[in-house]
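Notes for the one structure printed next.
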Amino acid sequence: MFKKGLIALTVLMFTVSAFAGGGKNSIQIKGSDTMVNLAQAWAEKYMQENPGDFVAVTGGGSGTGLSSLISATCDIAMSSRNIKDKEITLAKQKGINPSEIKVALDGLAVVVNPANPVSKLTLDQLAGIFTGSISNWKEVGGKDEKIIILSREVNSGTHVYFKEHVLRKGKADGKEEFAPGALLLSSSQAIADEVAGNSSAVGYYGMGYISNKQKAISVAKDDKPEGYGLASSSQSHKPEYINPAIDNVLSGKYPISRPLFLYTNGEPQGLIKKFVDYILSKEGQDIVVKTDFVPVKK
Numbered sequence: 005m006f007k008k009g010l011i012a013l014t015v016l017m018f019t020v021s022a023f024a025g026g027g028k029n030s031i032q033i034k035g036s037d038t039m040v041n042l043a044q045a046w047a048e049k050y051m052q053e054n055p056g057d058f059v060a061v062t063g064g065g066s067g068t069g070l071s072s073l074i075s076a077t078c079d080i081a082m083s084s085r086n087i088k089d090k091e092i093t094l095a096k097q098k099g100i101n102p103s104e105i106k107v108a109l110d111g112l113a114v115v116v117n118p119a120n121p122v123s124k125l126t127l128d129q130l131a132g133i134f135t136g137s138i139s140n141w142k143e144v145g146g147k148d149e150k151i152i153i154l155s156r157e158v159n160s161g162t163h164v165y166f167k168e169h170v171l172r173k174g175k176a177d178g179k180e181e182f183a184p185g186a187l188l189l190s191s192s193q194a195i196a197d198e199v200a201g202n203s204s205a206v207g208y209y210g211m212g213y214i215s216n217k218q219k220a221i222s223v224a225k226d227d228k229p230e231g232y233g234l235a236s237s238s239q240s241h242k243p244e245y246i247n248p249a250i251d252n253v254l255s256g257k258y259p260i261s262r263p264l265f266l267y268t269n270g271e272p273q274g275l276i277k278k279f280v281d282y283i284l285s286k287e288g289q290d291i292v293v294k295t296d297f298v299p300v301k302k
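If you count by the working numbering, then the sequence shown holds residues 5 to 302, one letter each, in order.
Here's what the structure looks like:
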């Protein structure tokens with residue numbers, strides 16, 4: 005199974021191939037670091053089946069990809085977020101009409117050591133743990149042990165997403181940050197390894213990394229039904245805990261998941277349409293699963 009690590013050498017090889025092929029039959033793709041390995045896997049298989057076409061994939065972040073699309077220095081931008089209104093305005097000023105294509109979903113699992121008795125948490129509890137306001141497992145039904153917080157590094161799109169959607173609960177003006185004592189690790193595999201060997205640790209990563217050496221936490225949204233808190237209804241409401249699984253991400257029930265996008269200038273045409281059609285085909289969506297993401301089509 006592919007992992008979301010760095011494969012810079014492979015990216016470079018295909019970049020060179022793209023330039024060697026000239027502009028006519030080549031596609032330049034830039035953007036989200038989260039999506040680099042996925043896009044590279046698509047490109048590699050696509051070029052095996054279409055030897056006359058060349059696809060170059062480079063990262064740099066979602067903002068970088070969208071800026072490149074706007075400045076007409078790439079054909080496709082990869083983004084793990086929706087394009088912003090100000091980016092659309094700037095694009096139109098430059099004669100670019102961004103067209104959004106959802107190509108995959110990314111479900112993030114929160115994981116603990118299998119020896120940890122805690123198996124379910126609400127988003128509020130997760131926010132408390134990762135900001136440090138909840139610092140001992142006994143506060144959420146576990147053992148009397150200090151919680152060891154593991155996070156991706158700050159330049160990771162996964163780090164940013166988790167901060168914005170779990171710590172800050174999607175509030176644009178949120179100020180919450182990871183606890184000062186959080187250990188920042190360079191890869192999802194590093195978090196998986198640390199959790200496997202530390203019964204007090206908690207971390208997060210793409211759900212494709214889950215193995216029997218970690219236990220995925222079932223997560224409940226903190227939304228309460230209308231009238232919650234009244235004597236007649238407060239006793240009957242129980243949070244619905246959802247485990248990170250493909251079906252739950254596809255249905256939108258699992259609360260820590262996000263769509264992944266490609267952006268093109270206008271509706272895809274010609275070679276770009278051919279490549280996008282491949283991505284959305286059964287073969288392209290099978291590659292989504294192999295690279296630890298969730299397909300938009302089963």
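Using N, Cα and C, we set each Cβ at its ideal position, and we do this for glycine too.
Small disclaimer: the values here were computed from a predicted structure and weren't measured.
**Request:** Pull up the DSSP beta-bridge partners for L70, would you.
**Result:** L70 is not bridged to any residue.
**Request:** Report yes if the C-beta distance between Y245 and V114 is below 8 Å; otherwise report no.
**Result:** no
**Message:** Mapping the DSSP letters down to three states, classify G136 as helix, strand or coil.
**Reply:** coil
**Request:** Could you tell me the distance, in whole angstroms, from the CA atom of K98 to the CA atom of I152?
**Result:** 48 Å
**Prompt:** Starting from E48 and walking both ways along the alpha helix (DSSP H), at which residues does that stretch end?
**Reply:** 40–53
**Prompt:** Over what stretch of residues does the alpha helix (DSSP H) that includes Y258 continue unbroken?
**Reply:** Premise fails: Y258 is in no alpha helix (DSSP H) and is neither H nor E.
**Request:** For the alpha helix (DSSP H) holding E198, just list the boundary residues, first then last.
**Result:** 192–201
**Request:** Taking M82 and G67 to be in contact with their CB atoms under 8 Å, please state how far apart those CB atoms are, rounded to whole angstroms.
**Result:** So it is not a contact: roughly 11 Å between Cβ atoms.
**Request:** Starting from I152, follow the alpha helix (DSSP H) in both directions and report where the run begins and ends.
**Result:** Not the alpha helix (DSSP H): I152 falls in the beta strand (DSSP E), residues 152–156.
**Asked** How would you label Q3, buried or exposed, when you count the other beta carbons within 10 angstroms and need 16 or more for buried?
**Response** Since the first and last residues shown for the chain are 5 and 302, residue 3 lies out of range.
**Asked** Roughly how far, in whole angstroms, is the beta-carbon of P259 from the beta-carbon of K106, given that I think they are within contact range, below 8 Å?
**Response** Not a contact, Cβ separation roughly 18 Å.
**Message:** Tell me whether the segment 131–140 and the segment 85–93 touch, counting them as touching only if at least three CB pairs, one residue from each stretch, are closer than 8 Å.
**Reply:** no
**Message:** Considering only their Cβ atoms, is the gap separating A205 from N140 smaller than 8 Å?
**Reply:** no
**Asked** Short check: CB of G56 to CB of D37, under 8 Å?
**Response** no
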